[in-house]
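Single-structure report; data block below.
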Amino acid sequence: GCNPLAETGRSKLQNQRAVLNQQILRAVRMRAGAENLLRATNNNKVREQVLLELSFVNSDLQILKEELEGLNISVEVYQNTEETFSIPLVPLGLKETKEVDFTLPLKDFILEHYSEDSSEYEDEIADLMDLRQACRTPSRDEAGIEMLISYFLQLGYVENRFFPPTRHIGVLFTWYDSFTGVPVCQQNLLLEKASILFNIGALYTQIGTRCNRQTQDGLENAVNAFQRAAGVLSYLKETFTHTPSYDMSPAMLNVLVKMMLAQAQECVFEQIGLPGIRNEFFTLVKMTQEVAKVGEVYMLVNTAMNQEPVKENIPYSWSKLAQIKSDHYKALAHYFIATILCDHELQSSDDEDQQEKALSQLYDYMPEGMMVLTVLKDKVQRKQLGKAHLRKAIVYHEEALRVCGLCKKLRNIDVLQEVLTAAHKRSLLKYAQQETEDDFLSLIQAPDILPKTEHKIETIAPQFSKVKVKDFFHRLGPLTVFSAKQRWTAPRTIRIHHEAGELGFSLKGGSPVQIYCLDPACSAASMGLKEGDYIVSVGGADCKWLGLNEVLEKFKSVGEQPIEIEVISCQDTVASMHSKSATYSVGMQKTYSLICLAMEEDKIDQTKKGPLKLPFLSWGTKNRQKAASTLCLPSAVAASSRIKKKLSPFTLLNTESSLY
Numbered sequence: 001g002c003n004p005l006a007e008t009g010r011s012k013l014q015n016q017r018a019v020l021n022q023q024i025l026r027a028v029r030m031r032a033g034a035e036n037l038l039r040a041t042n043n044n045k046v047r048e049q050v051l052l053e054l055s056f057v058n059s060d061l062q063i064l065k066e067e068l069e070g071l072n073i074s075v076e077v078y079q080n081t082e083e084t085f086s087i088p089l090v091p092l093g094l095k096e097t098k099e100v101d102f103t104l105p106l107k108d109f110i111l112e113h114y115s116e117d118s119s120e121y122e123d124e125i126a127d128l129m130d131l132r133q134a135c136r137t138p139s140r141d142e143a144g145i146e147m148l149i150s151y152f153l154q155l156g157y158v159e160n161r162f163f164p165p166t167r168h169i170g171v172l173f174t175w176y177d178s179f180t181g182v183p184v185c186q187q188n189l190l191l192e193k194a195s196i197l198f199n200i201g202a203l204y205t206q207i208g209t210r211c212n213r214q215t216q217d218g219l220e221n222a223v224n225a226f227q228r229a230a231g232v233l234s235y236l237k238e239t240f241t242h243t244p245s246y247d248m249s250p251a252m253l254n255v256l257v258k259m260m261l262a263q264a265q266e267c268v269f270e271q272i273g274l275p276g277i278r279n280e281f282f283t284l285v286k287m288t289q290e291v292a293k294v295g296e297v298y299m300l301v302n303t304a305m306n307q308e309p310v311k312e313n314i315p316y317s318w319s320k321l322a323q324i325k326s327d328h329y330k331a332l333a334h335y336f337i338a339t340i341l342c343d344h345e346l347q348s349s350d351d352e353d354q355q356e357k358a359l360s361q362l363y364d365y366m367p368e369g370m371m372v373l374t375v376l377k378d379k380v381q382r383k384q385l386g387k388a389h390l391r392k393a394i395v396y397h398e399e400a401l402r403v404c405g406l407c408k409k410l411r412n413i414d415v416l417q418e419v420l421t422a423a424h425k426r427s428l429l430k431y432a433q434q435e436t437e438d439d440f441l442s443l444i445q446a447p448d449i450l451p452k453t454e455h456k457i458e459t460i461a462p463q464f465s466k467v468k469v470k471d472f473f474h475r476l477g478p479l480t481v482f483s484a485k486q487r488w489t490a491p492r493t494i495r496i497h498h499e500a501g502e503l504g505f506s507l508k509g510g511s512p513v514q515i516y517c518l519d520p521a522c523s524a525a526s527m528g529l530k531e532g533d534y535i536v537s538v539g540g541a542d543c544k545w546l547g548l549n550e551v552l553e554k555f556k557s558v559g560e561q562p563i564e565i566e567v568i569s570c571q572d573t574v575a576s577m578h579s580k581s582a583t584y585s586v587g588m589q590k591t592y593s594l595i596c597l598a599m600e601e602d603k604i605d606q607t608k609k610g611p612l613k614l615p616f617l618s619w620g621t622k623n624r625q626k627a628a629s630t631l632c633l634p635s636a637v638a639a640s641s642r643i644k645k646k647l648s649p650f651t652l653l654n655t656e657s658s659l660y
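Per UniProt numbering, residue 1 is the first one in the sequence shown, and the count goes up by one each step.
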């Protein structure tokens, strides 16, 4: 990760975000306390004072929310440092979190569940905590992405090693909403995994905005980054449903995916026009359709941003920027087609059929009394339709400038104002060149332009398999056997004696090997060895990861001497229990977060009492069906067949079973 104390523009923004999150937390706690007091008291004087305090707290929260919105629209910090004349792209800010100390909970679980000396795993726990700390300040490049993915995959191992489905182990995760600053506190690791996924998507957006949009390679990288960001956010929406954080709700994620794909489509248009747009008939037809597509996708983004419940939490400036871009690119589409009609008269050497076909693809319908071929041949109709498109382009440009002027945050982005003003002046100049005295007679309305693109933009699913991660707690043993879902007895020491060259049991399986075909009359059975026991140590050497042949070699190496082995027995497999988490739809019976303070408190059923939690958390009731996204590990099953027969020492029966 990056140096958290580095004074870069991006780190300053994240530090400001962290400070705002703490201020919002204090204000939300005060509001919750005031609302509780208001419900509890009947004293009119106290109620008046509480209502006055609530008005102050609510206004303070509104101011803090506006400051947080200002951070979300601080797009200049994330843009490429090269001079550019392009409308800025919008990145997502990283979610902030509090530090988490895994030391005591994991050490206690290792001692209790795995019956091992937890002090031997201090380095592994420290590595996990260091990796999490580094993930709070990832570098804005592929190395940062890889680090976040590494931690996400590591959490998969940690979840299966230390987080049983029946109880919590006492690790509290706190993450702050990226848009509202409201914290969400849960003891469920799935909140941590979902938040890391969100930050992977956010980091991809920051990489995309940082690309140099003045080069083909830079634009190609930007398109790829935004597609990958959309893929990660889409994966988050489909995998972790019913999240308690607004920024990770399905509705919000759906809008964010659309916004990232729209920005990718915008970069595609810039990539096509980067070498320069030739004033040639078919080139302009292609550019008209491409830029109309960009205007259409931004119109859909703006529509989605203004739907409930997203409207209340999406930054206002983002919604207005999407509207501005939609109007701007629609205006460019009308300008391009006006240039076609005003500058290109049909010549005898031109392919009349090809031009008619190309122009007809731009329209769903033609103005009354006009046909495509007639417009191509008739100079007057060409000019009238071209000027109608210019008038519509000017209207769209003026609307974009008006909306930009109404939004305080967008008014301060100089390059945005410059791009919009330059495009507006260009259309005005073009219209002035075509102006004649009979303009007042022209009542033609320019038809809408059909969008079309040859470069379809789709999400790119995250490829976690490309990042190779080693389980920090590899020494605990194979995960298919040594997981939090299975309970084991403490290791028992069995002293093996040879009886006429035989031991009275065979071995089977892989890592670890399992006792099979145990003779109940042998000395090992009398010392407590059981059918289905797993051998975890031979002669004091750990053998959890050893295969059948390697364990046999250890037995052979001692010859006829007695040898001590350690075995464990499976007590039971922990039955899956519904998880108290709003981060993941595992039949959630109870969810809690600070978000519920203002929304759910009046809806709580007083007859249902949840476990005692921190005083500023409130409970909401939800019932969801299980969504399959956790890793289900197979249980170790003891051999069903109990074949008893005499075998000579060191006889290898097959790869699955062997007797010593």
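All C-beta atoms, glycine included, are put in the ideal place defined by N, C-alpha and C.
Just so we're clear, the structure is a prediction, and the values are computed from it rather than from any experiment.
Close-in-space but distant-in-sequence residues of the same chain around residue i (CB under 6 Å, 5 per side omitted)
| i | result |
| --- | --- |
| G273 | none |
| G477 | K544 |
| A598 | Bear in mind that the predicted position of A598 carries a pLDDT of just 37, short of 50, making it unreliable; the figure below should be weighed with that in mind. So no residue of the chain qualifies. |
| M260 | F226, A229 and A230 |
| A393 | A331, H334, Y335 and S427 |
| M287 | I277 and F336 |
| S593 | Low local confidence applies: a pLDDT of 41 at S593 is under 50, so the model's placement there is unreliable, with the coordinate-based value given in what follows. So the qualifying residues of the chain are V184 and P244. |
Extent of the continuous beta strand (DSSP E) to which residue i belongs
| i | result |
| --- | --- |
| Y534 | Y534 to V538 |
| S506 | S506 to K508 |
| E566 | I563 to I568 |
| Y516 | Q514 to Y516 |
| Q263 | Counting along the chain, Q263 falls outside any beta strand (DSSP E), though it belongs to the alpha helix (DSSP H) covering P250 to G273. |
| Q486 | Q486 to W488 |
| I496 | R492 to I496 |
| F173 | F173 to Y176 |
Under 8 Å between C-beta atoms of residue i and residue j
| i | j | result |
| --- | --- | --- |
| M366 | Q381 | no |
| P138 | L203 | yes |
| A490 | G504 | no |
| L68 | T205 | no |
| I496 | D533 | no |
| D117 | I207 | no |
| F162 | V415 | no |
| I324 | A400 | yes |
| L38 | R47 | yes |
Residue i to residue j span [Cα, whole Å]
| i | j | result |
| --- | --- | --- |
| I200 | A322 | 23 Å |
| Y246 | F179 | 8 Å |
| A570 | Y157 | The sequence shown places Cys at residue 570, not Ala. When rounded, the distance between both Cα atoms is 21 Å. |
| G386 | C135 | 55 Å |
| H151 | F464 | The amino acid occupying residue 151 in the given sequence is Tyr; His does not appear at that position. One C-alpha to the other measures close to 11 Å. |
| A34 | K95 | 28 Å |
| L376 | R278 | 20 Å |
| A27 | E122 | 38 Å |
| G528 | C522 | 11 Å |
| V285 | A446 | 16 Å |
| R487 | I63 | 52 Å |
| V50 | R31 | 10 Å |
| K304 | V403 | Sequence check: residue 304 is Ala here, not Lys. Whole-angstrom Cα-Cα distance: 18 Å. |
| I149 | V467 | 7 Å |
| R391 | K357 | 25 Å |
| R210 | I87 | 13 Å |
Nonlocal neighbours in the same chain, by C-beta distance under 7 Å from residue i, ignoring five residues either side
| i | result |
| --- | --- |
| F281 | I340, H344 and Q355 |
| Y329 | V291, V294, G295 and Y298 |
| T215 | none |
Unbroken alpha helix (DSSP H) run spanning residue i, endpoints
| i | result |
| --- | --- |
| V184 | No alpha helix (DSSP H) contains V184, which is instead part of the beta strand (DSSP E) from P183 to Q186. |
| W545 | Premise fails: W545 is in no alpha helix (DSSP H) and is neither H nor E. |
| I145 | E142 to F162 |
| G208 | L189 to R210 |
| N224 | Q216 to T239 |
| A521 | Taken as a continuous stretch (DSSP letters only), A521 belongs to no alpha helix (DSSP H), as it is neither H nor E. |
| I337 | Y316 to D343 |
| V481 | Neither: V481 is in no alpha helix (DSSP H) and is coded neither H nor E. |
Heavy atom of the ligand GTP within 7 Å of residue i beta-carbon
| i | result |
| --- | --- |
| N21 | As presented, the structure is devoid of all ligands, the ligand GTP included, so that no description of it is given. |
Same chain, Cβ closer than 8 Å to residue i, five either side skipped, listed in chain order
| i | result |
| --- | --- |
| D130 | none |
| L52 | none |
May I ask you to verify whether the stretch 98-116 touches the stretch 330-338, counting CB pairs closer than 8 Å and requiring at least 3? Touching, no.
Any contact of the stretch 284-301 with the stretch 228-239, i.e. 3+ C-beta pairs under 8 Å? no
Pair every Cβ in the stretch 453-462 with every Cβ in the stretch 257-273, then say whether three or more of these pairs are closer than 8 Å. yes
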